[in-house]
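Student:
2 protein chains.
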Amino acid sequence: MLSTTDNAEPLGRREQNKIDTRRAIADAALDLARSVGPGAFTVDQIAARAGVSRRTFFNYFHSAEDSLTVRTDTFLELALEVFGQRPQDEPLFEAIIRSFSETTRMEGLSLHGELFRMGDANPDLLRAQLHSWERAEARIVGALRRRLGAPASNLYLTALVGCVLSCTKAAMRDWAVSTPESGDDSGEQLEARILASLNMLRDGFVDPTATSAGPAAGS
Amino acid sequence: MLSTTDNAEPLGRREQNKIDTRRAIADAALDLARSVGPGAFTVDQIAARAGVSRRTFFNYFHSAEDSLTVRTDTFLELALEVFGQRPQDEPLFEAIIRSFSETTRMEGLSLHGELFRMGDANPDLLRAQLHSWERAEARIVGALRRRLGAPASNLYLTALVGCVLSCTKAAMRDWAVSTPESGDDSGEQLEARILASLNMLRDGFVDPTATSAGPAAGS
DNA sequence: GGGAGAATTTGCACACCGTGCAACAAGCCT
DNA sequence: AGGCTTGTTGCACGGTGTGCAAATTCTCCC
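Line by line, the protein sequences give chains A and B.
Using my numbering, the first residue of the first sequence is number 59, and each one after it goes up by one.
Using my numbering, the first residue of the second sequence is number 59, and each one after it goes up by one.
See the structure below:
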């Protein structure tokens, strides 16, 4: 299991414990979702498996579903972080595309397909996931505003970011449904789809006969 | 109050009662959200105000928030319906743009701004609204698939629809926040923003300095 | 090392949620 | 009318989410 934060920062016992607890809860929830299905378990079960009290669970998450969006949150957070480290003078779409495809390359991927499928089967989980993307959208808009500065209107920013995330979402969904229970080696498949959808976006969706996800989708 | 379905179909007492009840509940929920704020009332209160039992409420809606998304649902349903009546040979973006701006022209508009602001203040309501858009997205993808036929790939369809809805959403959000407590006369403002965002989409978001919306530019 | 003080966990209580179930009422059909 | 179908209601019950105060754990400084 790859950790997204390998920082060896001098964390106090307090900080470290909280991180561990949060992780334990999220992992417990994921385990349960895998074994008995999303929405088929209670908060008490998560808490018990994580080795904390029910009350503590609610100190960390607002609901059972929320504890299943941690991975989605960190994925998007990571993408944003990668984006922030791109050179300022790089063309916008170039930076966006690279950020996402780079992020997919360093993330545990099959998990996200799994989560997508879970969301399809459980409305409450789907809502939590949508909310997760929504929160990310707000953060990305902020980052983009800092990058582009004043000339970009609010409408432009929010529409653009919404579209980029919609494309990424569409790519992940398409990948999730057409790549049944794959191993971790299907990263290229996903990357290709993200690339393809973002290229469609850049080109204004001119061609309805665009290929689903070819290995090459040049600009 | 304009009804979106003025069909004088020969509905039986049964059907009519159900429609009335559903309406009564939705109206009661909206009233409450307006008077005490979203998320600050219980299902019992909604049921009482609607003149039905608590149990009956749950026969119609899964949660209090769901009863507040009825208007959003019907708005998107109406847009889809308008789209379905567009000529088949009309250019795609033309049809999409016209569908939405035509729909905004016939809908009680200030309400949607209100709902948007409510969603900002209440996470659960926001989730319900996001879910509403998500459901609409699925329906629209279906409609588009019928229109475009086989040549359109799944990824193309879902990405396109997601982007169109993201743009519409961005337009409504921008309009909602920059048009405080307006009357019903601000329809043009919204229409202009939808037009602007969908044009951005068609042009591939090339120009960061795009104007916010028509005659009056925001931020 | 130890104790004051801050942060975190936990148990408890309580109002509210969402649903299965069975009784009841209201529309429908001949 | 009288049976049939469909919708409403009350009830019960397990689960949810949160305020509160006591107990526990960590931090810091002497």
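Beta carbons: idealized from backbone N, C-alpha and C, even for Gly.
Note that the structure is a prediction, hence the values are computed from the model and not measured.
#1: Where do the N-terminal and C-terminal ends of the alpha helix (DSSP H) with Met230 (chain A) fall, by residue?
#2: Would you mind stating whether Ala210 (chain B) and Arg204 (chain B) have Cβ atoms separated by less than 8 Å?
#3: Does any CB atom of chain B fall closer than 8 Å to the CB of Asn180 (chain A)?
#4: Kindly indicate which three-state DSSP category Asn75 (chain A) falls into: helix, strand or coil?
#5: Could you compute how far the alpha carbon of Gly177 (chain B) sits from the alpha carbon of Gly97 (chain B)?
#6: Just the C-alpha distance for Ile155 (chain B) and Val235 (chain A), rounded to the nearest angstrom, thanks.
#7: Taking the straight line between their C-alpha atoms, what separation do you get for Arg80 (chain B) and Leu88 (chain A)?
#8: Fully enclosed by the region 79–148 of chain A, which alpha helix (DSSP H) runs are 4 residues long or longer?
#9: My guess is that Ala186 (chain B) and Asp124 (chain B) are in contact by the Cβ rule of under 8 Å, so how many angstroms apart are they, rounded?
#10: What residues in its chain sit with their C-beta under 8 Å from that of Arg163 (chain B), if we drop five residues either side in the sequence?
#11: Taking a Cβ distance cut-off of 7 Å, strictly less, list which residues of the region 200–217 of chain A are near chain B, in chain order.
#12: Going straight from the alpha carbon of Phe158 (chain A) to that of Ile104 (chain A), what length do you get?
#13: Do you know how far the Cα of Trp191 (chain B) is from the Cα of Leu223 (chain B)?
#14: With contact counted as at least three CB pairs below 8 Å, one residue from each stretch, are the region 249–265 of chain B and the region 252–268 of chain A in contact?
#15: Restricting to Cα atoms, I'd like to know which of A:Ile83, A:Glu195, A:Arg72, A:Thr127 is closest to Pro111 (chain A).
#16: Assign Thr130 (chain B) to buried or exposed, taking buried as 16 or more other Cβ atoms, counted over all protein chains shown, within 10 Å of its Cβ.
#17: Using a C-beta cutoff of 8 Å, does Phe115 (chain B) count as contacting chain A?
#18: In its own chain, which residues sit with a C-beta less than 7 Å from the C-beta of Glu195 (chain B), not counting the 5 before and 5 after it?
#19: Tell me whether Phe174 (chain A) sits in a helix, a strand or coil according to DSSP, three-state version.
#20: Tell me the rounded alpha-carbon separation between Ser277 (chain A) and Asn257 (chain A).
#21: Measuring only the C-alpha atoms, how far is Leu150 (chain B) from Leu206 (chain B)?
#22: Starting from Leu256 (chain B) and walking both ways along the alpha helix (DSSP H), at which residues does that stretch end?
Tutor: Answer, in terms of the structure:
#1: Where Met230 (chain A) is concerned, the enclosing alpha helix (DSSP H) starts and stops at 212–236.
#2: Between Ala210 (chain B) and Arg204 (chain B), the C-beta gap is not smaller than 8 Å, which leaves the two residues out of contact.
#3: Not closer than 8 Å to any Cβ of chain B, the Cβ of Asn180 (chain A) fails to qualify, so no.
#4: Looking at Asn75 (chain A) - three-state DSSP - the assignment turns out to be helix.
#5: Using only the alpha carbons, I get a separation of about 10 Å.
#6: C-alpha separation (whole angstroms): 30 Å.
#7: Cα-Cα distance, rounded: 37 Å.
#8: Taking 4 residues as the minimum length, the alpha helix (DSSP H) runs contained wholly in the region 79–148 of chain A are 101–108, 112–118, 128–142, in order along the chain.
#9: With a Cβ gap of about 6 Å, Ala186 (chain B) and Asp124 (chain B) count as contacting.
#10: The answer, listed in chain order, is Gly245, Glu249.
#11: Residues passing the 7 Å Cβ filter: Leu206, Pro209, Ala210, Ser211, Asn212, Leu213, Tyr214, Thr216, Ala217.
#12: Using only the alpha carbons, I get a separation of about 32 Å.
#13: In a straight line, the C-alpha of Leu223 (chain B) is about 8 Å away from that of Trp191 (chain B).
#14: Because the criterion of three Cβ pairs below 8 Å is met, the region 249–265 of chain B and the region 252–268 of chain A touch.
#15: Here residue 111 (chain A) is Ser; the residue named in the question, Pro, does not match the sequence. Ser111 (chain A) has its Cα closest to that of A:Ile83, out of A:Ile83, A:Glu195, A:Arg72, A:Thr127.
#16: With 16 or more other Cβ atoms from the protein chains shown falling within 10 Å of its own Cβ, Thr130 (chain B) counts as buried.
#17: Closer than 8 Å: no.
#18: Non-local C-beta neighbours of Glu195 (chain B) in its own chain, meaning closer than 7 Å and more than five positions away in sequence, comprise Val219, Gly220, Leu223, ordered along the chain.
#19: Helix.
#20: Caution applies to Ser277 (chain A), whose pLDDT of 41 falls short of 50 and renders its modelled position unreliable; the value that the coordinates give is listed next. The straight-line gap from Cα to Cα measures roughly 7 Å.
#21: Rounded to the nearest angstrom, the two C-alpha atoms are 9 Å apart.
#22: Taken as a continuous stretch (DSSP letters only), the alpha helix (DSSP H) holding Leu256 (chain B) covers 245–260.
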